[in-house]
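Participant: The structure's right below; bear with me while I get my questions together.
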Amino acid sequence: EPEVTQTPSHQVTQMGQEVILRCVPISNHLYFYWYRQILGQKVEFLVSFYNNEISEKSEIFDDQFSVERPDGSNFTLKIRSTKLEDSAMYFCASRPGGAYEAFFGQGTRLTVV
Amino acid sequence: AQTVTQSQPEMSVQEAETVTLSCTYDTSENNYYLFWYKQPPSRQMILVIRQEAYKQQNATENRFSVNFQKAAKSFSLKISDSQLGDTAMYFCAFMRHQGGSEKLVFGKGTKLTVNP
């Protein structure tokens, strides 16, 4: 069964460093998302992406964040200068056109030290 | 803006018994979807069940069923014959039905523990 794949599963980075979180969505899906879950809290929407551009972004998704779909298969989230409060689980999700079920990856746990 | 409220931070149930998790939501939309996601200790988000707001019939998936009350904006999840593997966080989520890249809005979750 097709699945959303995220790498790495766990990343530790120093404050101020840039990180790139990678996702391979399900191949025929059209809509792509990043969500964030700080430990013990609810899952929060960051950004949605469709037709090679951002459809919507939350107030969390400030200038430090960017997304890209460089080669038609990978979908990346870049955090330019990480802060301690960026420590969280980051989930990638994708959704096919004409359906409303979002399929989630297994998440990347980002720890900023 | 839509909001989703899960009023039970934690619940526990004995194996083989039935448990109901509550969820209410607030929206001015008429067309939308509602979901329950399960997050086991591995922290992966797994879709349990979904409900289209235009359908009056409550969705069921094996041991999982929902009680969808549109007028009351309530969407509870019933787990029958609870199993140890049902131990997880359960998140209720809302999505507008507008077409396009609609996002999920999640509640804060209910931590369910199934006891042997």
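Residue numbers (my numbering), protein chains in the order written: chain L, 317 to 429; chain S, 715 to 830.
Positions of the beta carbon are idealized from the N, C-alpha and C atoms, including for glycine.
In this text, all values refer to a predicted model and were calculated from it rather than measured experimentally.
Out of S:Q771, S:V762, S:A767, S:G814, state which residue places its alpha-carbon closest to the alpha-carbon of L735 (chain S).
Facilitator: The residue given as residue 735 (chain S) occupies position 21 in the second sequence. Out of S:Q771, S:V762, S:A767, S:G814, S:V762 has the C-alpha closest to the C-alpha of L735 (chain S).
Participant: What would DSSP say about L491 (chain L), mapped onto helix, strand or coil?
Facilitator: What is shown of chain L runs 317 to 429, which leaves residue 491 (chain L) out entirely.
Participant: Nearest to Y351 (chain L) by CA position, among L:V428, L:T427, L:P412, L:A404, is which residue?
Facilitator: Here residue 351 (chain L) refers to the residue found at position 35 when the first sequence is read from its first residue. Residue L:A404 is the option with its Cα nearest to Y351 (chain L).
Participant: Could you name the residues of the same chain whose beta carbon sits closer than 6 Å to that of P754 (chain S), not counting the 5 residues immediately before and after it, in chain order?
Facilitator: The residue you call residue 754 (chain S) lines up with position 40 of the second sequence. The residues are A802.
Participant: Between the Cα of E334 (chain L) and the Cα atoms of L:V359, L:S382, L:Q322, which residue gives the shortest distance?
Facilitator: As a working mapping, residue 334 (chain L) is identified with position 18 in the first sequence. Nearest of L:V359, L:S382, L:Q322 to E334 (chain L), Cα basis: L:S382.
Participant: Residues of chain L with CB closer than 7 Å to the CB of G823 (chain S), please, in chain order.
Facilitator: By one-based count along the second sequence, residue 823 (chain S) stands at place 109. What G823 (chain S) touches in chain L: K358.
Participant: Roughly how many whole angstroms lie between the Cα atoms of P723 (chain S) and F789 (chain S)?
Facilitator: For the purposes of this step, residue 723 (chain S) is taken as the residue at position 9 of the second sequence. For the purposes of this step, residue 789 (chain S) is taken as the residue at position 75 of the second sequence. Each residue's alpha carbon lies about 16 Å from the other.
Participant: Would you mind working out which of L:E417, L:L426, L:F391 sits nearest D402 (chain L), comparing C-alpha positions?
Facilitator: What you label residue 402 (chain L) is simply residue 86 of the first sequence in a count that begins at 1. Among L:E417, L:L426, L:F391, the Cα nearest to that of D402 (chain L) belongs to L:L426.
Participant: Would you mind telling me which residues of chain L sit closer than 8 Å to Y747 (chain S), beta carbon to beta carbon, in chain order?
Facilitator: As a working note, residue 747 (chain S) is residue 33 in the second sequence. Using a Cβ-Cβ cut-off of 8 Å, Y747 (chain S) is close to Y416 of chain L, given in chain order.
Participant: What's the C-alpha gap between C737 (chain S) and V718 (chain S)?
Facilitator: Against the second sequence, residue 737 (chain S) aligns to sequence position 23. Against the second sequence, residue 718 (chain S) aligns to sequence position 4. Going by the C-alpha atoms only, they are around 7 Å apart.
Participant: Could you please tell me which residues of the region 358–389 of chain L, in chain order, have their CB closer than 8 Å to any CB of chain S?
Facilitator: K358, V359, E360, F361, S364, F365, Y366, S371, E372
Participant: Are the C-beta atoms of Y406 (chain L) and some chain S residue less than 8 Å apart?
Facilitator: Taking the first residue of the first sequence as position 1, residue 406 (chain L) is located at position 90. It does not: the Cβ of Y406 (chain L) has no partner Cβ on chain S nearer than 8 Å.
Participant: When the cut-off is 8 Å and only beta carbons count, does L735 (chain S) lie next to chain L?
Facilitator: Working through the second sequence from its first residue, we reach residue 735 (chain S) at position 21. For L735 (chain S), the answer is no, since every Cβ of chain L falls outside 8 Å of its Cβ.
Participant: Could you tell me the boundaries of the beta strand (DSSP E) in which Q327 (chain L) lies?
Facilitator: Reading the first sequence from its first residue, position 11 is the one you call residue 327 (chain L). Counted as a single uninterrupted DSSP element, the beta strand (DSSP E) harbouring Q327 (chain L) occupies residues 326–329.
Participant: Does the count of Cβ pairs from the region 385–393 of chain L and the region 334–345 of chain L closer than 8 Å reach three?
Facilitator: yes
Participant: Going by DSSP, name the residue or residues bridged to C339 (chain L).
Facilitator: Here the question's residue 339 (chain L) lines up with position 23 in the first sequence. According to DSSP, which records beta bridges pairwise, C339 (chain L) is partnered with L:Q322, L:F391.
Participant: Once you ignore the five residues that flank K822 (chain S) on each side, which residues in its own chain have a CB closer than 6 Å to its CB?
Facilitator: For the purposes of this step, residue 822 (chain S) is taken as the residue at position 108 of the second sequence. Within the same chain, K822 (chain S) has close Cβ partners Q720.
Participant: Measure the alpha-carbon distance for K817 (chain S) versus F365 (chain L) and round it to whole angstroms.
Facilitator: Within the second sequence, numbered from 1, the residue matching residue 817 (chain S) stands at position 103. Within the first sequence, numbered from 1, the residue matching residue 365 (chain L) stands at position 49. Their Cα atoms are separated by approximately 10 Å.
Participant: Would you identify the three-state DSSP class for L346 (chain L), choosing helix, strand or coil?
Facilitator: Indexing the first sequence from 1 puts residue 346 (chain L) at position 30. L346 (chain L) falls in the coil class under three-state DSSP.
Participant: In whole angstroms, what is the alpha-carbon distance linking H345 (chain L) and F377 (chain L)?
Facilitator: Looking up residue 345 (chain L) in the first sequence gives position 29. Looking up residue 377 (chain L) in the first sequence gives position 61. Roughly 23 Å between the two C-alpha positions.
Participant: Against L818 (chain S), what residues of chain L qualify as contacts under a CB-to-CB distance less than 9 Å, listed in chain order?
Facilitator: Along the second sequence, one-based indexing puts residue 818 (chain S) at 104. Chain L residues near L818 (chain S): Y349, Y351, V359, F361, A409, A418.
Participant: Go through its chain and collect everything with a Cβ distance to I760 (chain S)'s Cβ below 6 Å, but skip five positions before and after it.
Facilitator: As a position in the second sequence, residue 760 (chain S) is number 46, starting the count at 1. K752.
Participant: Give the residues of chain S in contact with Q422 (chain L), contact being defined as C-beta atoms less than 8 Å apart.
Facilitator: Indexing the first sequence from 1 puts residue 422 (chain L) at position 106. Under the 8 Å cutoff, chain S gives S756, R757, Q758.
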